[in-house]
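The numbering of the sequence shown is the working numbering, which starts it at 1294 and goes up by one.
Don't be surprised by glycine CBs; every beta carbon is placed ideally from N, CA and C.
Have a look at the structure below before the remarks.
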Amino acid sequence: RIKRCDYCEHLWRDDSLRNTKRTCSDECKRDLKTLQRRDQRANDALLNPKPRKRTLMDDYIWWLEYPFWVQEYSMLKIGWKYERPSGVALMDYVETNRDSFGDGNRKKSIKHVSYHGDDRDLF
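Pasting the structure below:
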(Lines of atoms letter the chains of each structure in order from A and count residues from 1; the text may use other names and numbers.)
(Lines give C-alpha, C1' and ligand atoms only; values in the text may rest on other atoms or scores of the structure.)
Protein backbone atom coordinates (compact mmCIF):
# COMPACT_ATOMS: atom_id res chain seq x y z
CA ARG A 1 0.00 0.00 0.00
CA ILE A 2 1.33 3.48 -0.92
CA LYS A 3 1.20 6.04 1.90
CA ARG A 4 2.36 9.57 2.64
CA CYS A 5 4.78 9.92 5.58
CA ASP A 6 3.36 11.89 8.52
CA TYR A 7 6.68 13.63 9.13
CA CYS A 8 8.43 14.26 5.81
CA GLU A 9 5.37 14.02 3.48
CA HIS A 10 7.12 11.67 1.04
CA LEU A 11 5.30 8.82 -0.65
CA TRP A 12 6.48 5.36 0.41
CA ARG A 13 5.36 1.76 0.33
CA ASP A 14 4.10 0.30 3.61
CA ASP A 15 5.38 -3.26 3.91
CA SER A 16 4.07 -3.90 7.42
CA LEU A 17 1.76 -6.83 8.05
CA ARG A 18 -1.37 -4.81 8.85
CA ASN A 19 -0.47 -1.54 7.07
CA THR A 20 -0.38 0.43 10.32
CA LYS A 21 2.92 2.29 9.89
CA ARG A 22 2.67 6.07 9.77
CA THR A 23 6.23 7.06 8.86
CA CYS A 24 8.63 5.97 6.16
CA SER A 25 11.71 5.37 8.34
CA ASP A 26 12.95 5.11 11.91
CA GLU A 27 14.44 8.62 11.69
CA CYS A 28 11.07 10.11 10.73
CA LYS A 29 9.39 8.14 13.51
CA ARG A 30 11.91 9.44 16.07
CA ASP A 31 11.55 13.03 14.87
CA LEU A 32 7.75 12.78 14.92
CA LYS A 33 7.84 11.43 18.49
CA THR A 34 10.16 14.31 19.45
CA LEU A 35 7.64 16.83 18.12
CA GLN A 36 4.82 15.05 19.95
CA ARG A 37 6.80 15.15 23.21
CA ARG A 38 7.52 18.85 22.72
CA ASP A 39 3.82 19.58 22.21
CA GLN A 40 2.89 17.45 25.21
CA ARG A 41 5.39 19.27 27.45
CA ALA A 42 4.13 22.65 26.23
CA ASN A 43 0.54 21.66 26.99
CA ASP A 44 1.50 20.36 30.44
CA ALA A 45 3.37 23.57 31.23
CA LEU A 46 0.39 25.63 30.09
CA LEU A 47 -2.23 23.64 32.01
CA ASN A 48 -0.19 22.88 35.16
CA PRO A 49 2.45 25.60 35.57
CA LYS A 50 5.05 25.29 38.29
CA PRO A 51 4.22 27.62 41.17
CA ARG A 52 6.62 30.50 41.75
CA LYS A 53 8.98 30.02 44.67
CA ARG A 54 8.11 32.33 47.55
CA THR A 55 10.83 34.78 48.59
CA LEU A 56 11.29 36.87 51.70
CA MET A 57 10.77 40.03 49.66
CA ASP A 58 7.18 38.93 49.05
CA ASP A 59 6.46 39.87 52.67
CA TYR A 60 7.13 43.55 51.94
CA ILE A 61 3.98 45.44 50.93
CA TRP A 62 5.42 48.46 49.12
CA TRP A 63 2.52 49.53 46.89
CA LEU A 64 0.33 50.97 49.64
CA GLU A 65 0.52 54.51 51.00
CA TYR A 66 2.45 53.30 54.06
CA PRO A 67 4.68 50.35 53.13
CA PHE A 68 5.12 47.64 55.77
CA TRP A 69 6.47 44.14 56.38
CA VAL A 70 4.08 41.24 56.90
CA GLN A 71 6.57 39.21 58.94
CA GLU A 72 9.24 40.52 61.27
CA TYR A 73 11.64 37.72 60.26
CA SER A 74 11.67 38.91 56.64
CA MET A 75 12.21 42.49 57.76
CA LEU A 76 15.21 41.50 59.88
CA LYS A 77 16.72 39.37 57.12
CA ILE A 78 16.26 41.85 54.26
CA GLY A 79 15.44 45.25 55.74
CA TRP A 80 19.02 46.09 56.73
CA LYS A 81 20.39 45.53 53.21
CA TYR A 82 20.18 49.01 51.79
CA GLU A 83 22.66 50.86 49.61
CA ARG A 84 24.59 53.48 51.51
CA PRO A 85 25.20 56.72 49.60
CA SER A 86 28.82 57.00 48.48
CA GLY A 87 31.13 59.94 49.00
CA VAL A 88 32.33 62.31 46.30
CA ALA A 89 35.89 60.93 46.33
CA LEU A 90 34.71 57.37 45.76
CA MET A 91 32.42 58.42 42.93
CA ASP A 92 35.31 60.30 41.26
CA TYR A 93 37.46 57.18 41.56
CA VAL A 94 34.72 55.03 40.01
CA GLU A 95 34.19 57.47 37.14
CA THR A 96 37.91 57.66 36.29
CA ASN A 97 38.14 53.86 36.30
CA ARG A 98 35.07 53.64 34.11
CA ASP A 99 36.66 56.07 31.67
CA SER A 100 39.88 54.06 31.49
CA PHE A 101 38.40 50.54 31.63
CA GLY A 102 35.05 51.17 29.93
CA ASP A 103 31.71 49.63 30.84
CA GLY A 104 32.86 46.07 30.12
CA ASN A 105 35.47 46.19 32.91
CA ARG A 106 38.31 45.71 30.42
CA LYS A 107 41.10 48.16 29.86
CA LYS A 108 41.02 49.88 26.49
CA SER A 109 43.86 48.72 24.28
CA ILE A 110 46.53 51.30 23.57
CA LYS A 111 46.58 52.06 19.87
CA HIS A 112 50.21 52.32 18.78
CA VAL A 113 50.74 54.15 15.52
CA SER A 114 53.99 53.19 13.83
CA TYR A 115 55.40 56.08 11.83
CA HIS A 116 58.46 54.14 10.63
CA GLY A 117 56.78 50.91 9.55
CA ASP A 118 58.56 48.76 12.15
CA ASP A 119 58.94 48.42 15.93
CA ARG A 120 61.50 51.24 16.40
CA ASP A 121 59.14 53.22 18.63
CA LEU A 122 58.55 50.34 21.07
CA PHE A 123 61.05 50.32 23.95
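If you run the structure through DSSP and keep just helix, strand and coil, what is Leu1304? strand
So, Tyr1386 versus Met1368, is the Cβ gap smaller than 9 Å? no
For the beta strand (DSSP E) that Arg1297 lies in, which residues bound it at each end? 1295-1297
Quick one, which of Asp1337, Cys1298, Pro1378 has its alpha-carbon nearest Lys1322's? Cys1298
Where does Tyr1386 sit, in a helix, a strand or coil, going by DSSP? helix
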